Amino acid sequence: RFVTPLVHPHVFQSGEVCTGYARSVSEFLDLFVVRLYNLIRWDPSLMNPHSPADHGALLLWESGSIRCPLDEPLVLTSDDRTPAPAMEWTDL
Numbered sequence: 003r004f005v006t007p008l009v010h011p012h013v014f015q016s017g018e019v020c021t022g023y024a025r026s027v028s029e030f031l032d033l034f035v036v037r038l039y040n041l042i043r044w045d046p047s048l049m050n051p052h053s054p055a056d057h058g059a060l061l062l063w064e065s066g067s068i069r070c071p072l073d074e075p076l077v078l079t080s081d082d083r084t085p086a087p088a089m090e091w092t093d094l
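Sequential numbering from 3 applies to the sequence shown in the working numbering.
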């Protein structure tokens, strides 16, 4: 739920976000955050015009009043370096 009002086809007037019916409950948090970020930036691949939460926002998007996407996509990068251990073990 968004506390700050957000005009978006998949955000209800109450601020609740429709994350889609085809999403898996086993989705990891990092991927959910990336998907939510990309939803906020109006990523066209996440738009479903057949199931809007805010029909007015959908009309804005369909009319071209909203240029998509609004920002750069969020990309999580993996670092191949092994992190330094937090502690060391000494065998006795």
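Beta carbons are placed, not taken as given, at the ideal position from N, Cα and C, and that holds for glycine.
For clarity, every value in this text was computed on a predicted model and none was experimentally measured.
Residue i in three-state terms, based on DSSP
i     : result
Phe27 : The amino acid occupying residue 27 in the given sequence is Val; Phe does not appear at that position. Looking at Val27 - three-state DSSP - the assignment turns out to be coil, as it is neither helix nor strand.
Leu48 : helix
Ser67 : coil
Ala59 : helix
Asp93 : coil
Residues sharing a beta bridge with residue i, DSSP
i     : result
Val19 : Val13
Own chain residues within Cβ distance below 8 Å of residue i, not counting five before or after
i     : result
Glu64 : Pro51
CA-to-CA distance, residue j to residue i, given in whole angstroms
i     : j     : result
Arg37 : Thr6  : 19 Å
Thr21 : Asp56 : 13 Å
Asp32 : Gly66 : 31 Å
Glu18 : Ile68 : 21 Å
Phe14 : Asp93 : 59 Å
Integer-rounded CB distance, given that residue j should sit under 8 Å from residue i
i     : j     : result
Leu48 : Pro54 : Rounded, the Cβ-Cβ distance is 13 Å, inconsistent with contact.
Cut-off 7 Å between Cβ atoms - residues of its own chain near residue i, not counting five sequence neighbours on either side
i     : result
Leu76 : Val36, Tyr39 and Asn40
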